[in-house]
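Structure, as structure tokens:
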Amino acid sequence: MPPTKLDAGPAAEPRRSVFVGAARPQGATERRWRAAAAGKARLATLLPAAIAEMAPFYIADLTGKLLHANDAYANLADCLPGETAGFAPLPPATFAEIVAAIKAGSATKPREIAPVLGQADHWRVQHSGIFDGVGRLTAISGTLHDISDLVVSRDQLYLAQERLDDMTRLASDWVWETNSRLALTYVSSRVGEVLAFQPIELIGRSFLDLVHFLGEDETASPFDPLARKPFRDRPATIAHRDGTPRLFQISALPIFATTTGDFLGFRGTARDITAHAAASERATQLQTQLTQAIESISEGFALFDPTDHLVLCNDRFRRSFGRVAERIVPGISFENFIRLALDAGEIVVPEGERDAWLQNRLRIRSEHLVSFDVKLRDERWIKVSDHRTADGSLVGIRTDITDLKNREEALFAAKESAEIASRSKSDFLANISHELRTPLNAIIGFSEIMREELFGPLGSPQYREYIGDVFDSAQHLLNVINDILDIAKAEAGKLELVEDEVEIYSIVGAATRLIQERAQRGQVAIRIRLPPGLPTLEADERKLKQILLNLLTNAVKFTPPGGTIEVAGGLTDGGDFLVTVTDSGIGIAAEDITTALAPFGQVDSKLARKYEGTGLGLPLSNAMVKLHGGELTIDSVVGEGTTVTVRLPASRIHRG
Numbered sequence: 000m001p002p003t004k005l006d007a008g009p010a011a012e013p014r015r016s017v018f019v020g021a022a023r024p025q026g027a028t029e030r031r032w033r034a035a036a037a038g039k040a041r042l043a044t045l046l047p048a049a050i051a052e053m054a055p056f057y058i059a060d061l062t063g064k065l066l067h068a069n070d071a072y073a074n075l076a077d078c079l080p081g082e083t084a085g086f087a088p089l090p091p092a093t094f095a096e097i098v099a100a101i102k103a104g105s106a107t108k109p110r111e112i113a114p115v116l117g118q119a120d121h122w123r124v125q126h127s128g129i130f131d132g133v134g135r136l137t138a139i140s141g142t143l144h145d146i147s148d149l150v151v152s153r154d155q156l157y158l159a160q161e162r163l164d165d166m167t168r169l170a171s172d173w174v175w176e177t178n179s180r181l182a183l184t185y186v187s188s189r190v191g192e193v194l195a196f197q198p199i200e201l202i203g204r205s206f207l208d209l210v211h212f213l214g215e216d217e218t219a220s221p222f223d224p225l226a227r228k229p230f231r232d233r234p235a236t237i238a239h240r241d242g243t244p245r246l247f248q249i250s251a252l253p254i255f256a257t258t259t260g261d262f263l264g265f266r267g268t269a270r271d272i273t274a275h276a277a278a279s280e281r282a283t284q285l286q287t288q289l290t291q292a293i294e295s296i297s298e299g300f301a302l303f304d305p306t307d308h309l310v311l312c313n314d315r316f317r318r319s320f321g322r323v324a325e326r327i328v329p330g331i332s333f334e335n336f337i338r339l340a341l342d343a344g345e346i347v348v349p350e351g352e353r354d355a356w357l358q359n360r361l362r363i364r365s366e367h368l369v370s371f372d373v374k375l376r377d378e379r380w381i382k383v384s385d386h387r388t389a390d391g392s393l394v395g396i397r398t399d400i401t402d403l404k405n406r407e408e409a410l411f412a413a414k415e416s417a418e419i420a421s422r423s424k425s426d427f428l429a430n431i432s433h434e435l436r437t438p439l440n441a442i443i444g445f446s447e448i449m450r451e452e453l454f455g456p457l458g459s460p461q462y463r464e465y466i467g468d469v470f471d472s473a474q475h476l477l478n479v480i481n482d483i484l485d486i487a488k489a490e491a492g493k494l495e496l497v498e499d500e501v502e503i504y505s506i507v508g509a510a511t512r513l514i515q516e517r518a519q520r521g522q523v524a525i526r527i528r529l530p531p532g533l534p535t536l537e538a539d540e541r542k543l544k545q546i547l548l549n550l551l552t553n554a555v556k557f558t559p560p561g562g563t564i565e566v567a568g569g570l571t572d573g574g575d576f577l578v579t580v581t582d583s584g585i586g587i588a589a590e591d592i593t594t595a596l597a598p599f600g601q602v603d604s605k606l607a608r609k610y611e612g613t614g615l616g617l618p619l620s621n622a623m624v625k626l627h628g629g630e631l632t633i634d635s636v637v638g639e640g641t642t643v644t645v646r647l648p649a650s651r652i653h654r655g
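Number 613 in numbering that gives the first Met the number 0 belongs to position 614 of the sequence shown; there are no gaps in the numbering.
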């Protein structure tokens, strides 16, 4: 409820009690006395109207009960909080504090009154005491002032300050401010996280004592006392609380008074870039190491970005294209680079094919992985290897393969020469075999007729012996010629198999019968140890017989009188077919086995010289075994004997 409006009394009729207790002035005339009385009466008449137009005010007793309120205050009844029905607009406890302060002679501070819900006005009330004639406090007067605009400005200022505080707390920089003598007057709390100092510890310190600027002249300060210009991101060091220097970027603005323009100081920020500088230095070191590594490799290296422009390359890459080396710089596109190389004649391209070659080169460059060879103008060859990375960049490697190309050409020429020589040898052997076989066949045929005396006796028995030697020598020579032709075919890859189902028993029997006479003459015993039930083989019967005959001939040849030769056979656990020829002869040293398997290779020994030979038996047998997909191995001990093993794969066993 609005407070009761107290009546100030009738205004029409002046009250003569204004001067109650005052005697009429002595010597004053009646006229003057009446004029004074009329003036007081008029004042009493105007006072209520003047009070009504004043700012809202009230008079309350010492308990806060309203004694009087003007119209302006009465109109605020609905806008003021608290108990306002006949009482001051303040809580009783607050009003009691005001009364106590006035009684103590202290000045009362203004009290703010917040608006009730839905009202926008803010008020501030100032209180004073009302005393009687003997100085006793009898009442309290309160005057209200509208401070709504002030509250709005204050709230805006508080919001701005709060925003600034939040920004200084969240920012990586710490904020500082100095006076005109560059002594710190403000430091944000962020400095505690960066330098471990409390802001209060730095207030009053000279900014130049704290900060040491870096540059060509480290003593030079950006704080020009005359120009007083702003500056940004000047590098400087500031000592941490533990004494270690940290690197900062300092930025500052001069501050001037708004009204007078006087210089007040500087305000700025300090950004800690210690970690960033360390990381940047480390990155620079890594970049330097990477560049040095790229320069040190033996290949040309180039990196193109996803738009196919050069990022970097080493000197070896540039020197691969000597005439345009100075124009191969970062930023050049690959197409321009390759056109320059073509125009300068660095790349050898057939006449009339330049444009087609260029378009094809650009086309295949889009592929993920490319590798090909390019011939340069100075007869050098380089291998181009382009690899595209995940981000679309392209790494190009240029390897000088001139020596490799030269070796390939030399190898190709040697191969051509060898093939020509091989063909010539084959032609020669074919021709010589024909030339030799023709007279040999005649010699063998006529000597056989003469030995058998088909057209009558020869006469002297000595002639019969000579004819036998002629026949044997011709047969031996024919066998040598056949072996030479076979080994030549084997080396040329022209030795072929005539496969059939064969039994090992018949092959071993036939071979031993052919060698039996020679073994008897050399007093060497031959034993056969083949288990019954061995499977048949899919093989060339004539070549298997020749293999065994060659092995038995060598065994008899190198086994002294009284020695033995054993032919054995069987199946391995893996199903392979084995045939072994073991003798008790002179043996072969381990280092001589390779020689024995080489064409025309002969192991030097006195016993070997008993029988002249070409050294083709073992190599020819080895070639025939390999032709069957098998393997021939030799195990030998000098003075004890030799075992030659022929291993035929399980696939050679007849499954019919």
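Glycine included, C-beta positions come from ideal geometry on N, C-alpha and C.
Computed from a predicted model, the values in this text were never measured in an experiment.
CB contact flag (residue i, residue j, <8 Å)
i	j	result
residue 134	residue 101	no
residue 387	residue 299	no
residue 543	residue 646	no
residue 236	residue 211	yes
residue 245	residue 268	no
residue 689	residue 620	In the structure displayed, the chain extends from 0 to 655; residue 689 sits before or after that span and is not available.
residue 123	residue 146	yes
residue 361	residue 303	no
residue 548	residue 480	no
residue 201	residue 220	no
residue 56	residue 74	no
residue 624	residue 564	no
residue 635	residue 586	yes
residue 470	residue 450	yes
residue 233	residue 249	yes
residue 514	residue 552	yes
Selection from the options that minimises the alpha carbon distance to residue i
i	options	result
residue 566	615, 503 and 521	503
residue 339	323, 350, 642 and 353	323
residue 139	210, 151, 85 and 59	59
residue 535	545, 505 and 500	500
residue 130	145, 104, 522 and 191	104
residue 343	360, 354 and 321	321
residue 297	307, 313 and 142	313
residue 466	477, 476, 454 and 443	443
residue 194	355, 174 and 510	174
residue 239	260, 91 and 271	271
N-terminal and C-terminal residue of the alpha helix (DSSP H) that residue i is part of
i	result
residue 517	503 to 520
residue 279	273 to 295
residue 111	That residue, residue 111, is in no alpha helix (DSSP H); its beta strand (DSSP E) goes 110 to 112.
residue 336	333 to 342
residue 578	Segment 576 to 582 is the beta strand (DSSP E) holding residue 578; no alpha helix (DSSP H) there.
residue 616	616 to 626
Burial state of residue i (16 or more Cβ within 10 Å)
i	result
residue 556	buried
residue 72	buried
residue 637	exposed
residue 618	buried
residue 582	buried
residue 293	buried
residue 187	buried
residue 126	buried
residue 205	exposed
residue 88	buried
Delimiting residues of the beta strand (DSSP E) encompassing residue i
i	result
residue 299	299 to 303
residue 569	563 to 570
residue 138	136 to 145
For residue i, three-class secondary structure by DSSP
i	result
residue 374	strand
residue 321	helix
residue 197	coil
residue 101	helix
residue 463	helix
residue 65	strand
residue 126	strand
residue 427	helix
residue 638	coil
residue 644	strand
residue 349	coil
residue 442	helix
residue 91	helix
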